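Trainee: Below you will find the structure I want to go over with you.
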Amino acid sequence: MKKLAVMLSALTCCALLGTAAQAQIKIGQTADFSGPAGLMAQQNRDGAKLYFDQINATGGVGGQKIELVTLDDKFDPKTSAANAKALIDQGVLALFMTGGTSQNEAILPLLSQHRLALVAPTSGALLLHDPVNPFVFNVRAGYHREAERAVSHLRNMGVQSLTVLQSEDKFGNDAAQAALRGLSAAGMRPRAHLKFAPKAPAYQALAQQLAKADIPAVLLICEADAAAGFVAALRTAGSMAQVVTLSNNASPVFVKQLKEQGRGVIVTQLFPNERSASTELVRQAQEQAKLRGLVELSPAHLEGYASAKVLVEGLRRAGKDLNRGSLVKALDSMQRFDLGGLELSFNSKKHSGLDFADIAIIGPDGKFWR
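Count the sequence shown with this note's numbering and you get residues 106 to 475, in order.
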């Protein structure tokens, strides 16, 4: 009996050691969960979890389940950097879906220092795309691609010129630089390029200036609060210019801020219509949303779901020796990966995975129409 007890004790210890060895794959996310971009960050996370939960339910990756560890940076770059460092110290394998231009810029030095990947930052900032950062893997297209797509749509409407109006901050300057590249690629130069101080935007004065100039279209490059304020001021000033803004404002919160002035505003989009099942990626996301009680997908949900698919594919390709370095190497060689009707590719000279860009128009029902 004594020998049997010793054997059972030894087996129990082995089993416990085996369980401990099968540690979860920790992925870190720092984003604004409670500040101005809170709803989009929450929906990005929830969309990603739809796919992570789906994978975990079938055994995870290589027998290990994925754990998404999230920290709230409240849209503050210093907190973003501190959060990223804390997540790295916890042993996360990669950073994932960080939001904001300044926030992403703040964590870039940590990537090279610790040699880990940042997968799917939720910003189309030029500094994340060009020049190529060996540790940044963008799933979404950049702001330059959004601007190019917007110009194509405006020209189809008969609009031949537009005015660029941007906030004079890190986001506005970077996104405007990218947008100007996109406009140039589409063969259009802005009629004017105006800037405003984001903390004290001169809504009325600028709106009256634009209305007096009888501009046909304006590209607003700013956060949702300022964009909504300028749209209201433009309409009050009597301008019927077509308003276009970028995907950072592709949120139900922005639509609510616009109120009755929202109808007809164009917002660029970076993924297919989240309400249409004509694309396999959307069908898959809709099925998982239904299974988990999510009533309606948003563009941010879909981006989260797609980004999680890319990360999981990278984890799988990294093989049995899964570590930060092997994940970077696996992502860097990911070619022609089918996300479900969208093809994504990375290589050492290009870390902009998708080239997809579309436009949506805010309809009378407050939804994005495609």
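For each residue, glycine too, the CB sits at the ideal point set by N, CA and C. All values derive from a computational prediction rather than experimental measurement.
Could you have a look at Ala291 and say whether DSSP puts it in helix, strand or coil?
Mentor: Taking the sequence shown and counting its residues from 1, one reaches residue 291 at position 186. The answer is coil: DSSP assigns Ala291 none of H, G, I, E or B.
Trainee: Figure out for me which residue from Lys183, Lys455, Val323 has the closest Cα to the Cα of Val256.
Mentor: Position 151 of the sequence shown holds residue 256. Checked all of Lys183, Lys455, Val323; the closest Cα to Val256 is Val323.
Trainee: Looking at the unbroken alpha helix (DSSP H) that takes in Gln389, where does it start and where does it end?
Mentor: The count along the sequence shown starts at 1 and reaches residue 389 at position 284. Its alpha helix (DSSP H) spans residues 385 to 396.
Trainee: Determine the extent of the beta strand (DSSP E) in which Gly133 is found, giving its start and end residues.
Mentor: As a position in the sequence shown, residue 133 is number 28, starting the count at 1. Start and end: 130 to 136.
Trainee: What residue range is occupied by the uninterrupted alpha helix (DSSP H) comprising Val256?
Mentor: Residue mapping note: residue 256 aligns to position 151 of the sequence shown, counting from 1. Here the alpha helix (DSSP H) through Val256 covers 248 to 261.
Trainee: Using a Cβ-Cβ cut-off of 6 Å (strictly less than) and excluding sequence neighbours within five positions of Ala252, which residues of its own chain qualify?
Mentor: Walking along the sequence shown from the start, residue 252 turns up at place 147. Ala284, Gly287, Leu288, listed in sequence order.
Trainee: DSSP beta-bridge partners for Asp463?
Mentor: Counting from one through the sequence shown, the residue named residue 463 turns up at place 358. Answer by DSSP bridge pairing, in chain order: Gln374.
Trainee: Let me know if Leu155 comes out buried or exposed under the rule of 16 or more other beta-carbons within 10 Å of its beta-carbon.
Mentor: Working through the sequence shown from its first residue, we reach residue 155 at position 50. Burial call: buried.
Trainee: In terms of DSSP beta bridges, what is Gln218 paired with?
Mentor: For the purposes of this step, residue 218 is taken as residue 113 along the sequence shown, with counting starting at 1. In the DSSP output, where bridge partners are listed per residue, Gln218 has none listed.
Trainee: Should the stretch 409 to 419 be regarded as contacting the stretch 188 to 204, the criterion being three or more beta carbon pairs within less than 8 Å?
Mentor: Yes, they touch.
Trainee: Evaluate Gln265 with the Cβ neighbour count: other Cβ atoms within 10 Å of its Cβ, from every protein chain shown; 16 or more gives buried, anything less gives exposed.
Mentor: The sequence position of residue 265 within the sequence shown is 160, counting from 1. Gln265 is exposed by the Cβ-count criterion.
Trainee: For Gly229 and Thr384, what's the separation of their Cα atoms in angstroms?
Mentor: As a position in the sequence shown, residue 229 is number 124, starting the count at 1. As a position in the sequence shown, residue 384 is number 279, starting the count at 1. Taking the straight line from one Cα to the other gives about 23 Å.
Trainee: Less than 7 Å between C-beta atoms, sequence neighbours within five positions excluded: which residues of the same chain meet that for Asn354?
Mentor: Position 249 of the sequence shown, counting from 1, holds the residue named residue 354. Once the five neighbours on either side are set aside, the close Cβ partners of Asn354 are Ala329, Ala332, Val372.
Trainee: Tell me which same chain residues have a C-beta within less than 7 Å of the C-beta of Asn161, skipping the five on either side of it?
Mentor: As a working note, residue 161 is residue 56 in the sequence shown. Around Asn161: Lys170, Ile171.
Trainee: Pick from Ile464, Lys472, Gly471: whose alpha carbon is nearest that of Met262?
Mentor: On the sequence shown, position 157 is the one that residue 262 refers to. For Met262, the nearest C-alpha among the options comes from Ile464.
Trainee: Please list the segments of the alpha helix (DSSP H) lying wholly inside the stretch 148 to 183, counting only runs of 4 or more residues, in order along the chain.
Mentor: For the stretch 148 to 183, not a single whole alpha helix (DSSP H) run of length 4 or above is found.
Trainee: Classify Met145 as buried or exposed, calling it buried when 16 or more other Cβ atoms lie within 10 Å of its own Cβ.
Mentor: Looking up residue 145 in the sequence shown gives position 40. Per the 10 Å Cβ criterion, buried.
Trainee: Mapping the DSSP letters down to three states, classify Gly458 as helix, strand or coil.
Mentor: Numbered from 1 along the sequence shown, position 353 holds the residue referred to as residue 458. In this structure, Gly458 counts as coil in the three-state DSSP scheme.
Trainee: Taking the Cβ atom as the reference point for each residue, do Gln159 and Gln393 lie within a distance shorter than 7 Å?
Mentor: Here residue 159 corresponds to residue number 54 of the sequence shown, with the count starting at 1. Here residue 393 corresponds to residue number 288 of the sequence shown, with the count starting at 1. It is a contact, given that the beta carbons lie within the stated cut-off.
Trainee: With 16 as the cutoff for other CB atoms within 10 Å, does Lys275 come out buried or exposed?
Mentor: Start at 1 with the first residue of the sequence shown, and residue 275 comes out as number 170. Lys275 is buried by the Cβ-count criterion.
Trainee: Under the rule that 16 or more other beta-carbon atoms within 10 Å means buried, what is Asn209, buried or exposed?
Mentor: On the sequence shown, residue 209 is found 104 positions in, with the first residue counted as 1. With 16 or more other Cβ atoms within 10 Å, it is buried.
Trainee: Pull the bridge partners of Asp274 from the DSSP assignment, please.
Mentor: Looking up residue 274 in the sequence shown gives position 169. Looking at the DSSP assignment, Asp274 forms no beta bridge with any residue, so it has no partner.
Trainee: Please report the straight-line C-alpha distance between Ala290 and Phe451, rounded to a whole angstrom.
Mentor: Along the sequence shown, read from residue 1 onward, the residue named residue 290 stands at position 185. Along the sequence shown, read from residue 1 onward, the residue named residue 451 stands at position 346. Cα to Cα, the separation comes out at about 22 Å.
Trainee: Ends of the alpha helix (DSSP H) at Ala333?
Mentor: If you number the sequence shown from 1, residue 333 lands on position 228. Its alpha helix (DSSP H) spans residues 329 to 341.
Trainee: Applying the criterion that 16 or more other CB atoms from any shown protein chain within 10 Å of the CB defines a buried residue, is Thr227 buried or exposed?
Mentor: Reading the sequence shown from its first residue, position 122 is the one you call residue 227. The residue in question, Thr227, is buried, as its Cβ has 16 or more Cβ neighbours within 10 Å.
Trainee: Could you give the DSSP three-state label for Glu408: helix, strand or coil?
Mentor: On the sequence shown, position 303 is the one that residue 408 refers to. Helix.
Trainee: Report buried or exposed for Glu408, applying the criterion of at least 16 other Cβ atoms within 10 angstroms of its Cβ.
Mentor: Walking along the sequence shown from the start, residue 408 turns up at place 303. Buried, by the Cβ-count rule.
Trainee: Does Gln208 come out as helix, strand or coil in the three-state DSSP assignment?
Mentor: Position 103 of the sequence shown, counted from the start, is the residue given in the question as residue 208. Here Gln208 sits in helix by DSSP.
Trainee: With DSSP as the reference, label Ala225 as helix, strand or coil.
Mentor: Your numbering for residue 225 matches position 120 in the sequence shown. DSSP places Ala225 in coil when its eight states are reduced to three.
Trainee: Would you check if the distance between the CB atom of Leu315 and the CB atom of Val336 is smaller than 7 Å?
Mentor: Taking the first residue of the sequence shown as 1, we reach residue 315 at position 210. Taking the first residue of the sequence shown as 1, we reach residue 336 at position 231. Taking 7 Å as the Cβ cut-off, Leu315 and Val336 do not qualify as a contacting pair.
Trainee: Which of helix, strand or coil does DSSP assign to Ile326?
Mentor: Numbered from 1 along the sequence shown, position 221 holds the residue referred to as residue 326. DSSP places Ile326 in strand when its eight states are reduced to three.
Trainee: Given a threshold of 16 other Cβ atoms within 10 Å of its Cβ, counted over all protein chains shown, does Val360 qualify as buried or as exposed?
Mentor: As a working note, residue 360 is residue 255 in the sequence shown. Val360 comes out buried.
Trainee: By alpha-carbon positions, which one of Thr135, Leu449, Arg422 ends up nearest to Phe376?
Mentor: Taking the sequence shown and counting its residues from 1, one reaches residue 376 at position 271. Of the listed residues, the one whose Cα sits closest to Phe376 is Leu449.
Trainee: Sorry if obvious, but does the Cβ on Asp279 come closer than 6 Å to a heavy atom of the ligand HEM?
Mentor: Although the ligand HEM was asked about, the structure shown includes no ligands whatsoever.
Trainee: Here's the rule: buried if 16 or more other CB atoms are within 10 angstroms of the residue's CB, otherwise exposed. What is Thr124?
Mentor: Position 19 of the sequence shown, counting from 1, holds the residue named residue 124. In this prediction, Thr124 scores a pLDDT of 36, lower than 50, which makes its location untrustworthy; the coordinate-derived value is nonetheless stated afterwards. Looking at its Cβ environment, which holds fewer than 16 other Cβ atoms inside 10 Å, Thr124 is exposed.
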